[in-house]
Amino acid sequence: MTPSLFRLQDPLEDIVVHSLEHDPPSSPPCTLIPLMLTCRLFRNVLHPRNNARLYRRIFARKFDYAAFARRSPPPSFPLFPELKKRFQALHCIKQGDIHHPALQDAFLVAYIMVLEDDTLNHRYLQDAGLPALLHKYITEHLQSSHNVWPIEDACNTLAVALFWHMTSQDSLNGESDESRETVMAILLPLSFAWFRYSFVEQGFDPHALIDDMRSTPRLSPPAHAPVPPAPVTVSIEYMGHAFHLQLPAIALSASLAYFARLDAFPLMTTSDLPPTRAQTPPGRIALEDVVYYHRFFHTRVVPRGPGSPASLLQARLGSLHDWDWQCAVASEPAMSRHLQRYTPGILTGKWRGTLLAQYDRDPTPFMTGEAGPAAMSDSSRHPFFCYLEEHVRYSEPESGLSGDAKDDTSNFPLLPHSRWSRKENGYEYGASTKAFYRTFNPECHDKSMTDHEVVDVILSGKAESHLQPAWGNCEFWGRVRVSDGLVVLVQHLLDFNGLRYGGRICAGYVLSSQNFVGKWKYCSPGTQWEGIWSLNKVE
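Using the working numbering, the first residue of the sequence shown is number 1, and each one after it goes up by one.
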């Protein structure tokens with residue numbers, strides 16, 4: 001750049017950047033084109049080829065930037081292409097056309113924006129009319145017929161994911177009963193039909209476990225069922241990097257949107273319930289229990305700022321989406337190697353929510369294609385709750401042990417229960433070669449361990465004692481796949497004498513809304529419906 005251009009660069013940049021305060025929020029800088037058309041000198045100063053710094057400043061003023069800076073390698077690439085894509089996507093969304101040829105690209109850009117949201121991005125998408133466009137798309141494009149299932153392609157997957165991310169408590173409160181029931185009918189098959197809509201990679205079945213009531217669950221032969229497709233991935237160029245982005249499973253996004261609407265309906269009970277817990281024997285529910293359920297067992301919408309729980313706002317909102325981003329890029333070393341694999345404390349604490357089960361019915365006709373989504377019935381609804389503890393195994397540089405170590409703990413999902421021994425502040429696993437798992441304690445967490453890589457995480461849990469008389473007792477044992485956060489939990493059901501009488505296998509993810517969501521099966525062999533569940537962390 002010539003000396004004359006250097007002298008002009010700073011004042012011209014400042015004119016463009018300061019004018020952004022008077023521009024419509026989601027539109028390109030209004031002063032940029034007139035200045036570039038003034039003369040050839042101005043054009044050269046402001047052209048993206050010659051002035052990457054200007055477009056980086058524009059991006060940082062127009063869009064949320066902190067999440068991108070935190071997740072990406074040091075920036076040395078121009079941001080003009082990303083700016084252009086975002087303005088084009090917002091323009092496409094404003095058209096409100098569900099048949100627009102660029103709609104999938106616009107949805108993809110919008111999804112990246114919500115994963116970077118620190119309030120600006122969400123506001124722009126809201127102002128562009130994205131919620132109305134998504135509602136129209138869901139109700140017109142994903143409406144299934146008698147024997148036709150919605151396709152889990154990139155556009156549909158992005159639409160359902162965005163539909164959940166853009167859901168607010170205000171929008172739920174303003175939904176009519178008719179609209180709510182229409183949406184829930186569309187989401188139901190997407191949530192329950194595990195044989196068509198998987199939430200894990202192809203060939204891996206987190207539910208392939210049985211319980212013999214005497215030891216920990218072990219692997220069992222898979223049932224003969226259609227193999228669901230692998231999670232949807234899309235090719236993407238993002239901030240100077242080309243890679244494949246794994247989209248969130250349509251089943252999990254649909255489940256959360258379904259549960260959020262289910263909260264508006266009362267729990268179905270008999271009309272002769274005793275009024276208080278004190279008047280009710282163990283094993284039966286009281287009206288007081290039902291009121292407590294409706295008050296404290298909710299699916300939480302994605303936090304947006306004022307009114308969100310204080311603990312969620314101690315960090316920037318964009319950091320809440322880091323785990324979703326990690327799941328999306330887990331298979332791309334260039335994008336994931338500099339990210340923290342797992343943050344202890346995510347799962348430790350009280351969780352409350354709802355578990356849904358399809359009414360007893362043979363799923364075979366649905367799996368073979370004889371029955372379609374229109375034949376799916378309503379489901380039974382049960383309170384679901386637990387207190388979980390994380391037991392974390394950290395890297396030990398002095399022993400050369402790392403996350404790639406080939407030892408007994410690499411056999412995900414579960415480890416033989418007989419080889420665990422309880423210690424003062426954790427668990428020890430193994431016979432000749434022992435590995436120590438430190439119990440995470442949020443009140444006295446050893447901050448020196450933050451410099452160590454998390455190699456493995458196991459979970460133990462129990463039911464909250466004051467909820468047991470109404471809803472039953474249980475205990476949990478599980479494991480976390482630290483590369484992407486997949487959690488597999490075994491829930492042992494206990495009678496009032498503490499004896500096991502059955503159990504469930506629950507597998508799922510903690511997502512950016514701070515909901516823990518997934519699917520479950522009974523600990524028994526044979527073909528059966530997989531239910532769905534959603535838990536919300538109690539602050």
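Backbone N, C-alpha and C define an ideal beta-carbon position, used for all residues, glycine too. Predicted model only: the values in this text are computed from it and were never measured.
A direct Cα-Cα distance of roughly 9 angstroms separates TYR342 from ASP456. Three or more beta-carbon pairs drawn from the region 177-188 and the region 134-153 are found closer than 8 angstroms, and the two stretches are therefore classed as touching. Judged by DSSP in its simplified three-state form, HIS47 adopts coil rather than helix or strand.
Beyond the five residues adjoining it in sequence on each side, SER336 comes within less than 7 angstroms, by CB distance, of GLN326, VAL329 and ALA330 in the same chain, given in chain order. Contact annotation: ARG393 and PHE436 have beta-carbon atoms nearer than 9 angstroms.
Taking 9 angstroms as the cut-off, the beta carbon of PHE59 is found no closer than this to the beta carbon of PHE195. ASP23 sits in coil when the DSSP states are folded into three classes, being neither helix nor strand. Taking a 10 Å sphere around the C-beta of HIS122, we find 16 or more other C-beta atoms and assign the residue as buried.
DSSP places LEU339 in no alpha helix (DSSP H); its state is neither H nor E.
The C-alpha of CYS30 lies about 19 angstroms from the C-alpha of ARG40.
With respect to LEU459, LEU388 sits close: the two C-beta atoms are nearer than 9 angstroms. Among the bridge pairs identified by DSSP, PHE476 is matched with GLY461 and GLN491.
Beta-bridge annotation (DSSP): ALA357 is paired with SER380. Between CYS155 and PHE107, the C-beta spacing is below 9 angstroms. Fewer than three pairs of CB atoms, one per stretch, sit closer than 8 angstroms, so the region 61-74 makes no contact with the region 126-139. One Cα belongs to PRO28, the other to PHE163, and the distance between them is close to 26 angstroms. When the Cα atoms are used, ASN515 and ILE15 turn out to be separated by approximately 44 angstroms. It is roughly 33 angstroms from the alpha-carbon of VAL480 to the alpha-carbon of ASP105. Per the DSSP secondary-structure output, TYR137 pairs with nothing in a beta bridge. For CYS39, the three-state secondary structure derived from DSSP is coil. Residue state for ASP64 is assigned as coil, using DSSP reduced to three classes.
DSSP places ALA242 within a strand segment (E or B) once states are collapsed to three. In the three-state DSSP reduction, TYR292 falls in the helix class (H, G or I). In this chain, the alpha helix (DSSP H) harbouring TRP471 covers 468-471. The three-state secondary structure of TYR509, taken from DSSP, is strand. Note on ARG43: under 16 other CB atoms within 10 angstroms of its CB, so exposed under the neighbour-count rule. Residue pairing by DSSP places THR439 opposite HIS391 in a beta bridge. Put simply, of GLN358, PHE385, ASP324 and GLY508 the residue whose alpha carbon is nearest the alpha carbon of ASP378 is GLN358. For the pair SER513 and TYR111, the Cα-to-Cα distance works out to about 14 angstroms. Within a 10 Å sphere around the beta-carbon of ARG352 sit 16 or more other beta-carbons, which makes this residue buried. For TYR522, the enclosing beta strand (DSSP E) stretches over residues 515-522. When the Cα atoms are used, PRO150 and PRO525 turn out to be separated by approximately 29 angstroms.
Cβ neighbours of TYR427 within its own chain (closer than 6 angstroms, five residues either side excluded): HIS391, TRP420 and TYR437. Counting every other CB atom within 10 Å of its CB across the protein chains shown gives MET268 a total below 16, marking it as exposed. Remark: three or more beta-carbon pairs, one from each stretch, lie closer than 8 angstroms, so the region 461-471 and the region 281-294 are flagged as touching. Each of ALA260, HIS382, PRO344 and LEU256 was checked against the Cα of VAL454, and the nearest Cα belongs to PRO344.
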